[in-house]
Each structure stands twice: as C-alpha cells, then as structure tokens.
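Shown next, in structure tokens, is the structure this report addresses.
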Amino acid sequence: MATQITINQIADYDGQEVELRGWVYHRTGKGRLQFVQMRDGTGIVQCVAFKKEMTEDDFALVKSLTQESSVIITGSVRADERAPGIPGGYEVGIQNIELVQMAEEYPITPKEHGTEFLMDNRHLWVRSRRQWAILRIRATIISALRNWLDDNGYLLVDTPIITPAAGEETTTLFEIDYFGQPAFLAQTGQLYNEANIGSFGKVYCFGPTFRAEKSKTRRHLMEFWMLEPEMAFFSLEDLMDMEEQLISAVVARVLEKRKPELDILERDLSQLESITAPFYRITYDEAVERLQKLVAETDDPEQKELLNIEWGEDFGSPHETAIAAMFDKPVFVYHYPTAVKAFYMQPVDGRPEVCRSVDLLAPEGYGEITGGSERIYDKDLLEERVRTIGLPREAYAWYLDLRRFGSVPHAGFGIGIERTVAWICGLPHIRETIPYARMLNRMYP
RNA sequence: UCCAGCAUAGCUCAAUGGCAGAGCAAUCGGCUGUUAACCGAUGGGUUCCUGGUUCGAGUCCAGGUGCUGGAGCCA
C-alpha cells in the first residue's frame, strides 16, 4: 500500500512505495523511457516510466501528458544522482498513474518570455520555479519579521485600511465613496500605532498600504505591504539598534530556512551572510558631503548631473544608490532636514532645521527599505506644526489628544516588504516580489 | 506629468524600401537515462491602429493606442 507523501519528504521514503499528487512540470522522453518532472507545491521530483514496467494504457498516458496536467502517481522511490528536482537526488519509478485533468496548451514554455506576457499570465507564472522560490522567501521574511517582534515584546495591533484623512499629507491617496462621504485607503498605520502604544507600549501593524502616486519604476507598487513597529520611551538611537537587530535576524532566518530557494535564484549568499549588526550610521550632513565629494571627483558628466545635491534637498534614488554603494552592509542615514520630512518628526535639540529621522538604505543598489523617526511628543510643538503645515485640525484632533494624556518620547518606522524581498532575493524588479502586483498600468489578473 | 525606447506566428526574435522567416510550443512519427534532450515531418500571420509618401511599406513620415525603463514622489 503506497503512502501518500509530499515531495519535500521524499528522502525519508527511499525504497518505499509512495503516492504523489501534483502537476506535470516538464516531460521528456526517449521512446520506451519517459521522464516526468512533477511539482506538488513542496518541491519537484523526477518520475520515470519504463514501458515494460507498466500497462500499455498507463504508458500511453504518460507519453501524452502535457505540461501542467494534474496527476496522481504511485511508484517506488529510489536514490539516483542523475535525478533533477527540489530537493533532487531521488526519483520515482512510476507503477501507476491517474490523470486528474489533461492540461490544455500551456502558454508558459521552458523558453524565454517577455515581462508583459508573464505579467498577463501571472496566475500561471506563480507556478514557475523562480516565482515559487521568491514567494516562499517572501513568506519566510514576513514570518521572520513577525516572529522576532512577537518574541521581543511587541504586540500586533491592526490599524484600519479605510481612513477618514491622510496620514501624511504628502502623497496621493486612493479615494473611495464611504456611504456618501469621502474616505481614503490607508497609506500608513503609524498614527494609529501612536495611539496603540499608549495601551501596549510596543506595537506593530502589518498590512497592505496604498499610494496613488503615478510612479512607474522598478521600486514602486500602488498596493504594497508594510510592517510598522512603534515604541513608547524610544529614542532614535534605540530605533536604529532595534532595526539592525530585526533586519539581521530576518536575513539569518532566510539563510537558514530558504537555501534551496536562494540557490534557484542564484543569489550571492556571501552578500547576505555579511548582513550582521551593527550597520553603518551616517548623518544626512555627512551623506551630502560624501555625495558632493563624489560629484567633484567624477569625470562622468551624467553622474555629475544625477548626483548633484545641495544641503537641504531630499535624496533622489540615484543619491540613495550612490550612498549605499559606499558600504558593504546596510547604512542608516539620520537627521534629515526637517523641511523634507513629515510634520510629526522631532526636531534635533538646538538644531531645529534637522529632525530625528532615519532611513535605512540596503546595499547593492536596493535603496531605502525602512523609514522612521522619533515623533514629536510635546503638545504645543505638535499643535504648532499642524497649524503651520495647514492640516485640518479637526481630522487630527484625536492624534493631538495623544499628547495630552501621558505623552512620552516615542519612535517607530515602516519597512516595505516588497523592497526587502527584492533585496534579499537579489531581484532587479519589485513586481515579482508580490503575488499579484498592482502597478500604474496593471491590475490584471 | 516629463524624458527615452519598443510593438512581426501561441512565445522569444530575424527580415538593405522588393516572395513573411527561424527556434521553442502544438500535431504526427522515431529513439531505454533525459536535465530547456535529440532526429524527421505537418499546421500556424489583420507585421498594434488610422492616414500618408512610393511602381512597391513589416521597413520611411504623421497622429493615435499599448507596453517597458527612467525622473519626480516614496517604502
């Protein structure tokens, strides 16, 4: 009697008869010998059919199997160095095969395809090896982030998706009709996090975030997932300490749990193995000086133009890339100009033109993956900022309330899941890091 | 919103202004160790759309549409 197993367990069943349920990933043959690579979600295994070892009908069926046909195969497991797959090294000698459905002509062939075609077929593309590997790593990154927070005294407290007003006034929001009233899809849970720390001390929220910016680059999605921790009695220095502990723990977990997937992606593991705390820390001032020095020293006029910067300007992505390229590990850039950052960020004592903000830039050109700050906790100062910026006071009344009832110094940040996945996987584009990307020109499938 | 590039078979791409082509996929046949197998055969086209130049346009020109990358903005 065959035991029903999944492919990731195959090594435990050497010499035994097993039943596998899955899909034909690839088939090739040599006459009376047929090779079927089968997937079941946990891995890929080669199944081999010899004509003389099975019924005429079953062999004819194997020979006619199309890519992605669904099948139930029973056979005996044997170790064989030649057998490809994940984990590989074992193959199944087919004794019986049951067809569940013969797949129609499958659009994604083993040859190369263009991005538009693959994105149009995203519902099928997720079955491909690379996409399978990426999305499994994504799941591990998310669980590693959450596990670390859960284990270190942070409480998951969900924040609303439908919100009455902008979190930050800067970017464009998706507006929806809330029974006749305008409402917006959340672009951050931070303000609610700030309320929640009053009850729980250290919290985080995790969920989708929406930006209606017409950005069309390899780093942008209209709908992306963000994890935002927020901590009472936390300084900017505490925040950087915590971020580097969290990020390095996540990278370590991925290296531990997802080696086969990283191999599929041909990721340079040494780059990831070097991601250990502490990370580098430089001020905005120093970053600007470094950029200006770079501009002065380069002979490339295009680079000169791209990297040109005056103190007080925010970094564009070429600046971030150039700064990150100066370091072999992630680098914190802190104390940005107050004018280019959000209204709630705490000014630096004695230097109000800069604020207690910090961005974390990932190495290898991946740019900003986290952004955070110490928040203003003084009631009068926050009132003044809301007034100067011209925010509608009524909408922020509850937020201002938080500074009236036991206000404490606090800090928090947001980490973009897709950018983190792109960096850890070494991908050139963010679109493959989320199962179904929402982009400027795409919401299908 | 701005800048640049691209659009030909199901897919990836060729084709000097002069017969619309290849590889893969599909279909049929062959092959007992394939790794994107190989060998032979067959079918497969609104060359993105509209208009123009020309004896003749996939190719040149104008407009449009779609897509891709980048800038700004951001995670």
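Under the numbering used here, the first residue of the first sequence is numbered 1139, with each subsequent residue one higher. Even for Gly, the Cβ is constructed at its ideal location relative to N, Cα and C.
Boundaries of the alpha helix (DSSP H) in which residue i is found, first to last residue
i       : result
ASN1285 : 1267-1289
LEU1377 : 1374-1395
LEU1256 : 1253-1258
TYR1330 : 1328-1338
TRP1536 : 1535-1539
VAL1264 : Counting along the chain, VAL1264 falls outside any alpha helix (DSSP H), and DSSP gives it neither H nor E.
GLU1443 : 1439-1445
VAL1478 : From DSSP, VAL1478 is part of no alpha helix (DSSP H); its letter is neither H nor E.
PRO1456 : 1455-1463
GLN1409 : 1407-1411
Residue range of the beta strand (DSSP E) that includes residue i
i       : result
ASP1497 : 1495-1500
LYS1168 : 1155-1168
ILE1553 : 1548-1554
ALA1187 : 1182-1188
GLN1172 : 1171-1177
Residue i versus residue j: straight-line alpha-carbon distance, rounded
i       : j       : result
THR1166 : THR1204 : 10 Å
THR1586 : GLU1206 : Lying before the first or after the last residue shown, residue 1586 is absent from the chain, which here runs from 1139 to 1583.
ARG1268 : THR1144 : 20 Å
PHE1417 : GLY1153 : 49 Å
LYS1352 : ASP1258 : 20 Å
SER1202 : GLY1231 : 18 Å
ILE1461 : PRO1225 : 39 Å
VAL1238 : VAL1200 : 13 Å
THR1141 : LEU1158 : 9 Å
HIS1164 : LEU1565 : 25 Å
GLU1382 : ARG1396 : 21 Å
ASP1526 : LEU1519 : Going by the sequence as given, residue 1526 is Thr instead of Asp. Straight-line Cα distance between these residues: approximately 10 Å.
VAL1546 : LEU1393 : 38 Å
VAL1492 : GLU1502 : 28 Å
TYR1330 : GLY1550 : 12 Å
GLY1181 : ARG1542 : 56 Å
TYR1574 : LYS1517 : 42 Å
ARG1405 : ILE1275 : 12 Å
HIS1480 : GLU1399 : According to the sequence as given, residue 1480 is Ala; it is not His. C-alpha separation (whole angstroms): 38 Å.
TYR1228 : TYR1151 : 10 Å
GLU1368 : GLY1213 : 54 Å
SER1311 : THR1508 : One point to set straight first is that residue 1311 is Leu, not Ser, in the sequence displayed. In a straight line, the C-alpha of LEU1311 is about 20 Å away from that of THR1508.
MET1464 : GLU1424 : 12 Å
MET1139 : TRP1286 : 43 Å
ARG1580 : ASP1196 : 43 Å
Per DSSP, cross-strand counterpart(s) of residue i
i       : result
ASP1315 : PRO1320
GLU1506 : LEU1499
TYR1472 : THR1421, VAL1496
GLU1361 : PHE1348
GLN1142 : GLU1157
GLN1239 : SER1208
GLY1528 : Paired residue(s): none; GLY1528 is not in a bridge.
TYR1426 : Residue identity check: residue 1426 is Val in the sequence provided, not Tyr. Partner(s): none; VAL1426 has no beta bridge.
GLY1564 : According to DSSP, GLY1564 bridges with nothing at all.
TYR1342 : LEU1294, PRO1367
Burial state of residue i (16 or more Cβ within 10 Å)
i       : result
TRP1449 : exposed
VAL1388 : buried
LYS1340 : buried
ALA1434 : exposed
TRP1536 : exposed
ARG1569 : buried
GLY1223 : buried
GLY1510 : buried
PRO1439 : exposed
GLY1305 : Low confidence applies here, because GLY1305 scores a pLDDT of 48, under 50, leaving its location unreliable; read the following figure in that light. When all chains shown are included, GLY1305 counts as buried.
PRO1468 : buried
THR1193 : exposed
Local conformation of residue i per DSSP, three classes
i       : result
ALA1217 : strand
LEU1203 : coil
PRO1081 : A question about residue 1081 goes unanswered here, because the residues of the chain that appear run from 1139 up to 1583.
GLU1570 : helix
VAL1486 : strand
LEU1229 : In the sequence under discussion, the amino acid at residue 1229 is Glu, which differs from the Leu named in the question. Looking at GLU1229 - three-state DSSP - the assignment turns out to be strand.
GLY1305 : Its pLDDT being 48, under 50, GLY1305 is placed unreliably in this model, and the value from its coordinates should be taken loosely. If DSSP states are grouped into helix, strand and coil, GLY1305 belongs with coil.
VAL1295 : coil
ARG1523 : helix
ILE1148 : helix
ARG1580 : strand
ILE1402 : helix
GLU1512 : strand
GLU1448 : coil
GLU1250 : coil
Near the ligand GDP: residue i beta-carbon under 6 Å from a heavy atom
i       : result
PHE1188 : No copy of the ligand GDP occurs in the structure displayed, which carries no ligand at all.
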